Structure formats: structure tokens, C-alpha cells
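Novice: First residue of the sequence shown? That's 158 in my numbering, and the numbers climb one at a time after it.
Each residue gets a CB set at the ideal place from its N, CA and C atoms; glycine is no exception.
Computed from a predicted structure; not experimentally measured.
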Amino acid sequence: MVLNSIPKGYVTSYGNVAKRAGLPGYARMVCRVLRELPDRGATPWWRVIRGDGRFGMDEDSVSGQEQRQRLRAEGIVMTASKVTGPWW
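1. Excluding the five sequence neighbours on either side, which residues of its own chain have a C-beta within less than 8 Å of the C-beta of residue 209, listed in chain order?
2. With 16 as the cutoff for other CB atoms within 10 Å, does residue 184 come out buried or exposed?
3. Mapping the DSSP letters down to three states, classify residue 227 as helix, strand or coil.
4. Less than 8 Å between the CB atoms is what I'm expecting for residue 165 and residue 231, so what's the real figure, rounded?
5. Please classify residue 169: is it buried, with 16 or more other beta-carbons within 10 angstroms of its beta-carbon, or exposed?
6. Determine the DSSP secondary structure at residue 197, reduced to helix, strand or coil.
7. What does the Cβ neighbour count give for residue 219, buried or exposed, with the cut at 16 atoms within 10 Å?
8. When the Cα of residue 242 is compared with those of 226, 215 and 206, which residue comes out closest?
9. So, with DSSP's three-state summary, where would you put residue 172?
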């Protein structure tokens with residue numbers, strides 16, 4: 158799976174995941190699939206964000222808070238609303 162290829166400490170976009178999976182142009186589908194993962198701890202979904210660096214999940218949501226915590230733990234540099242890198 159493409160997600161398991163994203164190195165710890167890096168982020169990528171929904172569009173890049175779609176492209177690497179052989180589905181260019183299906184970024185929104187990737188977003189939906191990630192939201193519905195049955196075992197959210199087994200796949201590094203938190204490393205996938207929007208192409209412009211913004212988070213795909215609302216900051217006030219449980220998933221949004223979890224994503225930010227996991228990215229901080231991996232040393233990802235971010236502001237309140239965006240990730241600045243590094244990108245994969």
C-alpha cells in the first residue's frame with residue numbers, strides 16, 4: 158500500500174497518494190477512503206494532507222487533533238493550519 162511507503166517524518170498529499178496508486182485525479186477518493194479505515198492505527202493516514210499543506214480534517218475533530226499530535230511526534234514542522242514539510 159502506498160501509505161506504508163511514506164517515511165516517518167514526512168507528509169504527502171491526497172493527490173500524490175492517488176497518483177502513486179495508479180489513480181491520478183482521484184485525490185478526493187483517497188480522502189474518503191482514509192476517513193473510513195477500519196483500523197486507523199495500522200496505516201499512517203495522518204501523513205496525508207492537502208496539496209497546499211493544509212490539514213484535511215477540522216482542527217476541532219478528534220481525528221484532526223490526533224493527526225496533529227502524531228505529526229508533531231514525528232517532528233513535522235507546522236503552523237496552526239498548515240504543514241511546512243518535509244514532503245515525500
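Specialist: By the coordinates alone:
1. Sequence index remark: in the sequence shown, residue 209 carries index 52 (1-based). Around residue 209: 239.
2. By one-based count along the sequence shown, residue 184 stands at place 27. Per the 10 Å Cβ criterion, buried.
3. Position 70 of the sequence shown holds residue 227. The answer is helix: DSSP assigns residue 227 an H, G or I state.
4. Translated into the one-based positions of the sequence shown, residue 165 becomes position 8. Translated into the one-based positions of the sequence shown, residue 231 becomes position 74. Correct: roughly 5 Å between the Cβ atoms.
5. Taking the sequence shown and counting its residues from 1, the one referred to as residue 169 is at position 12. Per the 10 Å Cβ criterion, buried.
6. Here residue 197 corresponds to residue number 40 of the sequence shown, with the count starting at 1. Reduced to three states, the DSSP call for residue 197 is coil.
7. For the purposes of this step, residue 219 is taken as residue 62 along the sequence shown, with counting starting at 1. Residue 219 should be labelled exposed.
8. Looking up residue 242 in the sequence shown gives position 85. It is 206.
9. For the purposes of this step, residue 172 is taken as residue 15 along the sequence shown, with counting starting at 1. Secondary structure of residue 172 (DSSP, three-state): helix.
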